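Read through the structure below, which is laid out as structure tokens, and then see the notes.
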Amino acid sequence: MATISIAGGEQRSFECAPGDTLLRAGLRAGIGLSYECNAGSCGTCKVDLVSGELDDLYPEAPGIKQRDRDRGRRLACQSVPRGDCTIKSRIADSYLTPNPPRRRTARLEASRDITHDIREFAFRADGPAAFLAGQYAMLVLQGAPAPRAYSMSNTANADGLWKFMIRRMPTGKVSRTLFDLAPGSAAELDGPFGLAYLREDSPRDIVCIAGGSGIAPMASILDAAAEHEHVRHLGAWLFYGGRGPADVPAIADLLATHHLERGLEWHPVVSVPALAEGTDWSGEFGFVHELLPRKLPRPLPEYEYYFAGPPPMVEATIRLLVADNKVPQSQLHFDRFF
Amino acid sequence: MSVDTDPSTWRPLCHAIDVEIGTPVQVEVEGLPPLAVFQLEDGFYVTDDTCTHGQASLSDGFVEGDEIECPWHSGRFCIKDGKATAFPAIEPIKVYKTRVVDGRVCIEAFPAAA
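Chains L and C supply the protein sequences, listed in that same order.
To convert, take the position in the first sequence, counting from 1, and add 12; that gives our numbering.
The second sequence: position 24 = 4 (our numbering), numbered continuously.
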């Protein structure tokens, strides 16, 4: 066990188990270290290393530059302490969620195809699956080089069931390992993490926007909304962008519940018209963010937005909402995976 | 006395010799949010110090040409006009009319509202 002390202001410290990262150990201990992607990409978890030594799991991480390192900064999500350390960090309770992340062993129970290249994997672990709709977990598979973050596609349950939708990447070692995994195989599941969860106290109608396997957290959010005594009275929209019709999931099979009081409006869109030739596609063409001003009946600042998908989709959506339509950033909920 | 040098019109922030090229300085004055003072090749510039994206202090960031890169998420702004030039920065930062009076970097005493 290493003891990590936080310098400055309020004196606090936490214990870090061997092999655990600064970030995850801190969150486990209920310290709200700032973070977003947990994967070395976004830079949100940068800390100042005041004293001590750290091993860096991802020296070429895009979320930090050499000149940051030269100033003594490190990514908490990629830093494993070699012993006691003192750090300076941004800390806020808003980085904490009700269920502190925990490492557990999970076993693959079942899988089903969602599209031609996205499959849903159901894992079961001991204890209840306690998380907020829209959160993610880190999956550590034997033979895979590093843990990867995947959003849960189901909602919290007492049965210990954690479902993920994962896109088969031809070159992705983790997704290949997962697609080859036999039922009953064990994996380490570490979570929950993430701040792009359903805001149950928001009075605004819900807009979900997804591309690729970003559909998983949206399925979770819409199911949780439909189950919630107040939120189910809100309006809800789901926009989904794919390259061709084969990328678009069958929405009726995706959501466990359909009793959103005012109905769910479903708007799939494809960006490569050639892929729709010879198919029965009768939907829209274009990029998913382009649909928002056309399909949403009220001014865009009047909605709560949840989105997940490829970085260009996420960036285009944020630009449209914040820069062009003055939607307050506090109404946008997404995790920046790159 | 011309308006340009009238001390009641221009509000001093810091000594110009304390602001080196490439090393912005954070300044706090009453009634305004924290400010960042920059020296570029062609003179001094003053902007809001707080990034419009993630609330980090831009004076802790990195100056590259006419741009400041936020130290937190690497969003960028043009120091001269405040425009956001790299994601995840989207909204501009406020830029103040600046001039050096008696060796001190000053901004307008009554800057226009953002």
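No residue lacks a Cβ here, since even glycine has one placed at the ideal position from N, Cα and C.
Source: prediction; values computed, not measured.
Is any beta-carbon of chain L found at less than 9 Å from that of residue i?
i: C:Ile1; result: no
i: C:Gly62; result: no
i: C:Met(-19); result: Residue placement at C:Met(-19) cannot be trusted, given a pLDDT of 46 that sits under 50; what the coordinates show is reported in the next sentence. So, not an interface residue.
i: C:Pro51; result: yes
i: C:Ser37; result: no
i: C:Ile(-3); result: no
i: C:Ile48; result: no
i: C:Phe57; result: no
i: C:Phe18; result: no
i: C:Phe67; result: yes
i: C:Gly23; result: no
i: C:Ile73; result: no
Pick from the options: whose alpha carbon is nearest that of residue i?
i: L:Gly254; options: L:Val284, L:Arg244, L:Glu239; result: L:Val284
i: L:Asp129; options: L:Glu239, L:Leu108, L:Met177, L:Ser165; result: L:Met177
i: L:Leu190; options: L:Arg119, L:Leu69, L:Gly38; result: L:Arg119
i: L:Glu277; options: L:Ile263, L:Gly295, L:Gly256, L:Trp249; result: L:Trp249
i: L:Pro157; options: L:Gly184, L:Ile99, L:Ala134, L:Ala142; result: L:Gly184
i: L:Pro215; options: L:Ile99, L:Ala231, L:Tyr315, L:Pro280; result: L:Tyr315
i: L:Ser91; options: L:Thr127, L:Thr117, L:Pro322, L:Ala14; result: L:Ala14
i: L:Gly44; options: L:Ile263, L:Arg211, L:Tyr70, L:Thr109; result: L:Thr109
i: L:Leu201; options: L:Arg136, L:Arg24, L:Pro30; result: L:Arg136
i: L:Glu327; options: L:Arg310, L:Ser225, L:Phe346, L:Cys97; result: L:Phe346
i: L:Gly298; options: L:Ala262, L:Arg211, L:Gly224, L:Pro280; result: L:Pro280
i: L:Met259; options: L:Gly275, L:Leu246, L:Gly295, L:Ile233; result: Checking the displayed sequence, the identity of residue 259 of chain L turns out to be Asp instead of Met. Ranking L:Gly275, L:Leu246, L:Gly295, L:Ile233 by Cα distance to L:Asp259 puts L:Gly295 first.
i: C:Glu44; options: C:Phe57, C:Thr30, C:Ala36, C:Thr32; result: C:Phe57
i: L:Pro322; options: L:Glu65, L:Trp293, L:Ile227; result: L:Ile227
i: L:Arg81; options: L:Ile233, L:Arg160, L:Val62, L:Glu48; result: L:Val62
i: L:Cys97; options: L:Glu65, L:Thr291, L:Asp171, L:Gly224; result: L:Glu65
i: L:Gly55; options: L:Arg306, L:Pro93, L:Arg85; result: L:Arg85
i: L:Ile76; options: L:Gly95, L:Asn50, L:Arg94, L:Pro93; result: L:Asn50
i: L:Gly223; options: L:Met325, L:Gly172, L:Ala122, L:Arg211; result: L:Met325
i: L:Leu246; options: L:Ala264, L:Ser232, L:Glu212; result: L:Glu212
i: L:Ile233; options: L:Met164, L:Ala104, L:Arg24; result: L:Met164
Leaving aside the five residues before and after residue i along the sequence, list all residues of the same chain whose C-beta is less than 7 Å from its C-beta, in chain order.
i: C:Gly62; result: Thr27, Pro72, Ile73, Lys74, Val75
i: L:Ala168; result: Ala141, Ala142, Phe143
i: L:Thr329; result: Ile221, His301, Phe319
i: L:Gln341; result: Val334
Flag residue i as yes if its beta-carbon sits less than 9 Å from any beta-carbon of chain C, otherwise no.
i: L:Cys89; result: no
i: L:Arg85; result: yes
i: L:Gln147; result: no
i: L:Gln341; result: yes
i: L:Arg331; result: yes
i: L:Phe350; result: Only weak support is given to the placement of L:Phe350: the predicted model assigns it a pLDDT of 48, under 50, and the question is left unresolved by the model.
i: L:Lys58; result: yes
i: L:Asp347; result: no
i: L:Val334; result: yes
i: L:Asp105; result: no
i: L:Cys220; result: no
i: L:Lys100; result: no
i: L:Arg79; result: yes
Taking 6 Å as the limit between beta carbons, can you name the residues of its chain near residue i, skipping five residues before and five after?
i: L:Ala268; result: Asp235
i: L:Ala238; result: Arg244, Thr269, His271, Leu272
i: L:Val339; result: Leu312, Pro313, Leu333
i: L:Leu193; result: Leu120
i: L:Gln147; result: Pro204, Gly206, Tyr209
i: C:Phe18; result: Pro4, Tyr25, Ile59
What residues in its chain sit with their C-beta under 8 Å from that of residue i, if we drop five residues either side in the sequence?
i: C:Gly34; result: Cys50, Trp52, His53, Gly55, Pro68
i: C:Gly83; result: His(-5), Ala(-4), Ile(-3)
i: L:Ser106; result: Gly44, Leu207
i: L:Gly20; result: Lys100
Less than 8 Å separating the Cβ of residue i from some heavy atom of the ligand FAD?
i: L:Gly253; result: Although the ligand FAD was asked about, the structure shown includes no ligands whatsoever.
Interface residues of chain A around residue i at Cβ under 8 Å?
i: L:Cys49; result: Annotation note: the requested chain A is absent from the structure, which comprises protein chains L and C.
> What are the start and end residues of each continuous beta strand (DSSP E) run of 3 or more residues lying completely inside the stretch 5 to 93 of chain C, in chain order?
Replying inline: Complete beta strand (DSSP E) runs here, min 3: 5 to 7, 15 to 20, 23 to 28, 42 to 44, 47 to 49, 56 to 58, 64 to 66, 78 to 81, 84 to 88.
>> Can you confirm whether the stretch 148 to 155 of chain L touches the stretch 242 to 249 of chain L when touching is taken to mean that 3 or more C-beta pairs between the two stretches lie within less than 8 Å?
In response: The stretch 242 to 249 of chain L and the stretch 148 to 155 of chain L do not touch, with fewer than 3 CB-CB distances between them shorter than 8 Å.
> Taking only runs of the beta strand (DSSP E) that begin and end inside the stretch 134 to 189 of chain L, which ones reach a length of at least 3 residues, in chain order?
Replying inline: 148 to 152, 160 to 163, 173 to 179, all fully within the stretch 134 to 189 of chain L.
> Using 8 Å as the Cβ pair cut-off and three pairs as the minimum, do the stretch 83 to 90 of chain C and the stretch -9 to 11 of chain C touch?
Replying inline: The stretch 83 to 90 of chain C, when compared against the stretch -9 to 11 of chain C, does touch it at the 8 Å Cβ threshold.
>> Within 8 Å, do at least three Cβ pairs link the stretch 71 to 79 of chain L to the stretch 33 to 42 of chain L?
In response: Segment contact: the stretch 33 to 42 of chain L against the stretch 71 to 79 of chain L, fewer than three CB-CB distances shorter than 8 Å; contact not assigned.
> If you scan the stretch 197 to 283 of chain L from start to end, which runs of the beta strand (DSSP E) of 3 or more residues do you find wholly inside it?
Replying inline: Taken in chain order, the complete beta strand (DSSP E) segments of 3 or more residues contained in the stretch 197 to 283 of chain L are 198 to 205, 217 to 223, 248 to 254, 276 to 282.
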